[in-house]
Amino acid sequence: MVCIGEKSVMGQLLQYQANLKGMTPAQILSWAVSEFGAEGLCMASSMGYEDQLLTHLSAELPRPIGVFFLDTGRHFPETYACLEESRHRYKVPYRVYAPAAQEVEEMVSTEGPNLFYRSLELRKRCCEVRKVKPLQRALAGKKAWVTGQRAEQSLTRLGLRAIEWDSAHNLYKLNPLFNWSEQQLLEEIKTREVLTHPLQGEGFPSIGCQPCTRAVQPGESTRAGRWWWEEEEHKECGLHLK
Ligand code: SF4
């Protein structure tokens, strides 16, 4: 059964989806600031191509959208270097969220540092502690968040729209690059001279935690290097639950 509150959210969502039809990513970000206010928005970044392009576009807005980074403690050294450089280059407010120290200590003490390779359940537990819970703090009090998701990245992202209702966190989710191809993305990054992660030119089209990300082979999908030991339909960390 759909309750009245859900009905009005769905009605508003349909209106928003109609408003955003045909808009470029830069226009979507600009629309989002006028609709939700810069303070009502936040942008997730793992320093990948998509996130860096959106950060670049945000920095060009009169009121930039703040960017948050989930510091899992397991990122590549190059990811921290990219964060450092981006903080200097892009004049957007950056915020870093870390997992609760006690939860990490308990998990690693009982299951070991590399628990994620042993089962899907343990992998999800690690993502829950290191990513999902910090994400909840990052989204608290916001009206909408911006992500770099693209539909062609994986099976789990087919059917993506420019704006969706994130029922797991009770706010709107904007995906300005939802219908972009990888080629479009790379061309735009080159044209705008976007600051990119050093590993991305070395076979890492999708950046995640170091132990859970490997380079992809020619012809593999962009997210084939993420949790490569798992089935395709499981390859989400819980940040983008449907
Ligand atoms: S991606 Fe891997 S290391 Fe990072 S939080 Fe998830 S399971 Fe843990």
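The opening position of the sequence shown corresponds to residue -5 in the working numbering, with each subsequent residue numbered one higher.
Here a beta-carbon is modelled for each residue, glycine too, at the ideal position from N, C-alpha and C.
This one's a predicted model, so the numbers in the text were calculated from it and none came from an experiment.
With DSSP as the reference, label residue i as helix, strand or coil.
| i | result |
| --- | --- |
| K184 | helix |
| V48 | Correcting the residue identity first, residue 48 is Leu in this sequence and not Val. DSSP places L48 in helix when its eight states are reduced to three. |
| L55 | coil |
| T73 | helix |
| Q204 | helix |
| Y84 | coil |
| E255 | Residue 255 is absent from the structure shown; the chain starts at -5 and stops at 236. |
| K137 | coil |
| K118 | helix |
| E214 | coil |
| E158 | strand |
| A209 | coil |
| M4 | helix |
| A26 | helix |
Assign residue i to one of two classes, buried (16 or more other C-beta atoms within 10 Å of its C-beta) or exposed (fewer than that).
| i | result |
| --- | --- |
| N169 | buried |
| S52 | buried |
| R89 | exposed |
| M37 | buried |
| W221 | buried |
| R57 | exposed |
| M4 | exposed |
Is the beta carbon of residue j closer than 8 Å to that of residue i?
| i | j | result |
| --- | --- | --- |
| R144 | E225 | no |
| G202 | S40 | yes |
| L35 | I59 | yes |
| Y84 | T49 | yes |
| Y91 | R131 | yes |
Specify whether the stretch 187 to 199 and the stretch 148 to 162 touch according to this definition: at least 3 beta carbon pairs, one from each stretch, less than 8 Å apart.
no
Cβ pair count under 8 Å reaching 3, the stretch 163 to 180 against the stretch 130 to 142
Yes: at least three Cβ pairs fall under 8 Å.
Is it a yes or a no for the stretch 122 to 135 touching the stretch 64 to 76, going by three-plus beta-carbon pairs under 8 Å?
yes
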